[in-house]
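**Student:** 24 is the number of the first residue of the sequence shown in the numbering used here; add one for each residue after it. Heads up, the beta-carbon is just placed ideally off N, CA and C, and yes, glycines get one too. Please see the structure below; I have some questions.
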Amino acid sequence: MPLLKDISGQAARNGSLRKFAAGTAAAAGFQPIYGLAQCMPDLTEMLCSDCLDTSLEDIVRYFPAAQQGGRIIKPSCDLRYEIYPFVDPTTVRPLPSPPPPLSNPPPPSTSTGGSDDTYEIGSAESLQFDLATIRVLQMTFLKQINLDRADLDLFTGLLNGKDIAVKRLSTNSGQGDLEFKNEVLLVAKLQHRNLVRILGFCLEGSERLLVYEFVPNASLDHIIFGMSGIMHSFRLTSNTQQSVHKLDWVRRYKIIVGTARGLLYLHEDSRLKIIHRDLKASNILIDAEMNPKISDFGMARLFVLDQTQGNTSRIVGT
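Put into structure tokens, the structure is as follows:
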């Protein structure tokens, strides 16, 4: 089907802001055909194209030529065609102009004072929520979370049918606007199974909110030092509770290796060379399968490719 092949290519070529394409094809004497192709936004062009190509092969295989519509849904992509319009035209908007490229960090200073530059939000602006949108989400305040910190609140809620966690920094938080923007920009550019995934942020007036994927087992320090007061707040399943209470050496090794892989990615394999500077048990989140996810990049620093040392004018982190 030429239409599905064309829109599959368009969807794959679209940037991470919208791996989506829709179109219509009509021939004389035949009904028009409407098509849609969509991939998960974090897929590369090649992975998106491969997923949609196999879906197109499945449509040809499983839907006869006389079929008036069909759809193949896979975990990473969706391909559909019908003889009636099914896409709301208001959802098909032109892509926004590309954001300005992230400038390279300054070279390491030879002075003893050093530099603690943070980097303004550039390409992460597409992740920004307005405060009104955050307020209408189905939020539930996490009580008895025992964070021992008065500078932030945590919420859970639903966003597009998925569990999310929202971190709300108070106005007297030690993390300033630049550190907040730094965390958004860095995490938005990182994709690794052992790094927490940011879904969006809100910076409006005195409100500073970060929207993350929901990680049900909280942080490693709660697992090590006790789960009292947090068990029911994170809606743990019985299997997960059993895993938490039984932190055997197999699970400990899994957490240690996963954390090391996350750090290796930050130091050597990511698009940006990043030093976390605040790695501790409270900043390692544990998912339902007991996989660790490094979080809290507010104090992180960018290094140039061959840089091995840096200076700082203030003591932060761990």
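Go ahead and pull the three-state DSSP assignment for residue 291.
**Tutor:** helix
**Student:** Cβ atoms of residue 289 and residue 278: under 8 Å apart, would you say?
**Tutor:** no
**Student:** Can you tell me whether residue 229 is buried or exposed? The criterion is at least 16 other CB atoms within 10 Å of its CB, across all chains shown.
**Tutor:** exposed
**Student:** What are the boundary residues of the alpha helix (DSSP H) that residue 80 is part of?
**Tutor:** 68 to 85
**Student:** Who are residue 234's beta bridge partners in DSSP?
**Tutor:** DSSP output for residue 234 lists 189 and 223 as bridge partner(s).
**Student:** Any idea what DSSP makes of residue 56, helix, strand or coil?
**Tutor:** strand
**Student:** Expressed to the nearest angstrom, what Euclidean distance is found between the alpha-carbon atoms of residue 233 and residue 91?
**Tutor:** Each residue's CA atom was taken as its position, placing residue 233 and residue 91 some 44 Å apart.
**Student:** Given that a residue counts as buried once 16 or more other Cβ atoms are within 10 Å of its Cβ, and exposed if not, what is residue 185?
**Tutor:** Per the 10 Å Cβ criterion, exposed.
**Student:** Going by DSSP, what residue range makes up the alpha helix (DSSP H) through residue 28?
**Tutor:** 25 to 36
**Student:** When the cut-off is 8 Å and only beta carbons count, does residue 189 lie next to chain D?
**Tutor:** Judged by its chain identifiers, the structure shown contains no chain D, having just a single protein chain.
**Student:** With a cut-off of 8 Å on the beta carbons, I'd call residue 150 and residue 238 a contact; round off their distance for me.
**Tutor:** At roughly 18 Å, the Cβ-Cβ gap does not stay under 8 Å, so residue 150 and residue 238 are not in contact.
**Student:** Just to confirm before moving on: does the CB-CB distance between residue 82 and residue 102 stay below 8 Å?
**Tutor:** Here residue 82 is near residue 102, since their CB atoms are less than 8 Å apart.
**Student:** Mapping the DSSP letters down to three states, classify residue 181 as helix, strand or coil.
**Tutor:** In the structure shown, the three-state DSSP call for residue 181 is strand.
**Student:** Could you tell me which of 207, 212, 107 and 287 sits nearest to residue 48, measuring between CA atoms?
**Tutor:** 107
**Student:** Does the Cβ of residue 181 have 16 or more other Cβ atoms within 10 Å, making it buried, or fewer, making it exposed?
**Tutor:** In this structure residue 181 is exposed. Its beta-carbon is surrounded by fewer than 16 other beta-carbon atoms within 10 angstroms.
**Student:** For the alpha helix (DSSP H) containing residue 247, list its first residue and its last residue.
**Tutor:** Start and end: 243 to 248.
**Student:** Measure the C-alpha to C-alpha separation of residue 210 and residue 274 and round it to an integer number of angstroms.
**Tutor:** Straight-line Cα distance between these residues: approximately 26 Å.
**Student:** So, with DSSP's three-state summary, where would you put residue 153?
**Tutor:** In the three-state reduction of the DSSP assignment, residue 153 falls in the coil class.
**Student:** Do residue 35 and residue 43 have their CB atoms nearer than 8 Å?
**Tutor:** At least 8 Å separates the beta-carbon of residue 35 from that of residue 43.
**Student:** In terms of alpha-carbon separation, which member of 75, 38 and 301 lies closest to residue 30?
**Tutor:** 75
**Student:** Under a Cβ-count criterion, where at least 16 other Cβ atoms within 10 Å of its own Cβ denotes burial, should residue 321 be classed as buried or exposed?
**Tutor:** buried
**Student:** With a Cβ-Cβ cutoff of 8 Å, do residue 220 and residue 235 count as a contact?
**Tutor:** A contact, by the Cβ cut-off of 8 Å.
**Student:** Would you mind reading off the limits of the beta strand (DSSP E) that contains residue 41?
**Tutor:** It is not in any beta strand (DSSP E) - residue 41 carries neither H nor E in the DSSP assignment.
**Student:** Please identify the residue among 324, 270, 286 and 295 whose C-alpha is closest to the C-alpha of residue 312.
**Tutor:** 270
**Student:** What's the C-alpha gap between residue 301 and residue 86?
**Tutor:** 54 Å
**Student:** Out of 28, 293, 245 and 45, which has the shortest C-alpha to C-alpha gap to residue 57?
**Tutor:** 45
**Student:** Rounding to the nearest angstrom, what Cα-Cα distance links residue 79 and residue 94 in this structure?
**Tutor:** 9 Å
**Student:** For residue 246 and residue 276, I'd like the C-alpha separation in whole angstroms.
**Tutor:** 15 Å
**Student:** Which first and last residues belong to the beta strand (DSSP E) in which residue 94 is found?
**Tutor:** 92 to 96
**Student:** Tell me, which residues are paired with residue 277 by DSSP?
**Tutor:** BP columns for residue 277 are empty, so no partner.
**Student:** For residue 54, count neighbouring Cβ atoms within 10 angstroms of its own Cβ and tell me buried if that reaches 16, exposed if not.
**Tutor:** exposed
**Student:** Less than 8 Å separating the beta-carbons of residue 293 and residue 242?
**Tutor:** no
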